[in-house]
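Undergrad: Numbers 772 to 1030, taken from my numbering, label the letters of the sequence shown in order. Positions of the beta carbon are idealized from the N, C-alpha and C atoms, including for glycine.
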Amino acid sequence: MRGDLDLLRDVLTRPHAAGVRADLARTAAGITGLVAIIQHDRSDQRDAHGWFATAEGAARESGDREMLAWALARHAMVPLNYGAPKAAADLATRARGEAGSKPSAAAALAAAVHARAAASLGDHDSALRSVADARTIAKHLDRTQAADTWFGYPPQKHHVHLSQAFTLLGRTREAYAEQEAALALTRTPSVMTRALLEMDAATCLNVDGDPSAAAGKAAAVWQHLPHAYRNGLVRTRAEALHHALPEAARPHLTEALAS
772 MRGDLDLLRD VLTRPHAAGV RADLARTAAG ITGLVAIIQH DRSDQRDAHG
822 WFATAEGAAR ESGDREMLAW ALARHAMVPL NYGAPKAAAD LATRARGEAG
872 SKPSAAAALA AAVHARAAAS LGDHDSALRS VADARTIAKH LDRTQAADTW
922 FGYPPQKHHV HLSQAFTLLG RTREAYAEQE AALALTRTPS VMTRALLEMD
972 AATCLNVDGD PSAAAGKAAA VWQHLPHAYR NGLVRTRAEA LHHALPEAAR
1022 PHLTEALAS
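1) Should the stretch 1017 to 1024 be called in touch with the stretch 852 to 864, which here means at least 3 C-beta pairs below 8 Å?
2) Taking just the CA atoms, how far does PHE922 sit from LEU1012?
3) Please work out which residues of its chain come closer than 6 Å, Cβ to Cβ, to PRO1031, disregarding the five sequence neighbours upstream and downstream, and give them in chain order.
4) Does THR938 come out as helix, strand or coil in the three-state DSSP assignment?
5) Going by other Cβ atoms of all chains shown within 10 Å of its Cβ, with 16 needed for buried, is LYS873 buried or exposed?
6) Which ranges does the alpha helix (DSSP H) cover as unbroken runs of at least 4 residues, wholly within the stretch 774 to 834, from first to last along the chain?
7) So what's THR920 in DSSP terms, helix, strand or just coil?
8) Look at LEU933 and GLU949 and say whether their C-beta atoms are less than 8 Å apart.
9) If you count every other CB in all the chains shown that lies within 10 Å of the CB of ASN1002, and 16 or more means buried, which is it?
10) Report the three-state DSSP secondary structure of ASP971 (helix, strand or coil).
11) Quick check on LEU996: buried or exposed, where buried means 16 or more other Cβ atoms within 10 Å of its Cβ?
12) Just curious, the alpha helix (DSSP H) that MET838 is in, first and last residue?
13) Leaving out five residues before and five after THR957 in sequence, what residues of the same chain have Cβ atoms less than 7 Å from its Cβ?
14) Looking only at its own chain, which residues have a Cβ that is under 7 Å from the Cβ of ALA877, when we skip the five neighbours before and after it?
15) Report the option in THR784, LEU778, HIS787 whose CA atom is closest to the CA atom of THR803.
16) Three-state secondary structure (DSSP) at ASN977?
17) Name the two residues that bound the continuous alpha helix (DSSP H) containing ARG958.
18) Determine, using beta carbons only, whether ALA819 and ALA799 come nearer to each other than 8 Å.
19) Hey, out of ALA999, ALA946, ALA955, whose CA is closest to SER814's CA?
20) Please tell me whether TRP822 has its Cβ less than 8 Å away from any Cβ of chain D.
21) Exposed or buried, VAL791, counting other C-beta atoms within 10 Å across all chains shown (16 or more means buried)?
22) GLU1031: buried (16+ other C-beta within 10 angstroms of its C-beta) or exposed?
23) If contacts are defined as beta-carbon pairs under 8 Å, then ARG887 and GLN935 qualify, I think. What distance do you get, rounded to the angstrom?
24) Cα separation between GLY987 and VAL1005?
25) Helix, strand or coil for HIS932, going by three-state DSSP, please let me know.
26) Where does LEU894 fall in DSSP's three states?
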């Protein structure tokens, strides 16, 4: 990616016809957006925000509103996953506006992210409306839009997002169903995805009145995680559960998180 970015930087300093420059800007938006996603997954929030800002600027220059909607929706996941749900909801709303009414991966992602953000804010009605929107859009995606790519919105990712939304809403029956559907479609090791789904399941156990089982499940998930994954998203979700547990149920998970 560094080589691609250096090449793009060099090419974009030269004069080009409007159509060519728009294509180059769109390519730049895609590549810088991918860098931003990687930095987000590495828990470098500040750098992720910077790269997403670059991606959004390039997408605007390209005139590709779908690319801009994708960049905004992916950007929304940074504040969503790191404790700023209002900022996430605002970015997701902007993404949906850019995506327009045509079904697209970006529109579906924006709806799903907004559902999670609204659920985190305690706005249950808005969250459920966004869940319904995400489901409706996902049903109408073509094969390209639903492909398991950086820019697609495949069924597996759809269920992962809805698992978190329903978990945050405390609707455990729907959350368990989404977790089961997501795991059935997770055919690769996907260490982080599986861990996040299991943390959702542990949170649901606590909501259902079994905090000891919740703590035990979360601790087991944590202890089986490679050390490279014990930061960022998985830790954030584990710590949120730890905070929600009654004090008597915390020691097992406290010990695991300290390991």
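TA: Taking the coordinates as given:
1) These segments do not touch.
2) Approximately 31 Å between the Cα atoms of the pair.
3) The chain is shown from 772 up to 1030; residue 1031 falls before or after that span and cannot be answered.
4) helix
5) exposed
6) 789 to 812, 816 to 833
7) Note: THR920 maps to coil in three-state DSSP.
8) yes
9) exposed
10) helix
11) buried
12) Boundaries of the alpha helix (DSSP H) around MET838: 836 to 852.
13) The beta carbon of THR957 sits closer than 7 Å to the beta carbons of GLN927, THR964, ARG965 from its chain, once the five residues preceding and following it are set aside; these are given in chain order.
14) GLU837, ALA840, TRP841, ALA844, ALA866, ALA870
15) LEU778
16) Three-state result, ASN977: helix.
17) Careful: ARG958 lies outside any alpha helix (DSSP H) and carries neither H nor E.
18) No.
19) ALA999
20) Going by chain labels, chain D is absent from the structure shown, which holds only one protein chain.
21) exposed
22) No statement about residue 1031 is possible, as the shown extent of the chain runs from 772 to 1030 and does not include it.
23) 5 Å
24) 16 Å
25) When secondary structure is reduced to three states using DSSP, HIS932 falls in the helix class.
26) Going by the sequence as given, residue 894 is Asp instead of Leu. Three-state result, ASP894: coil.
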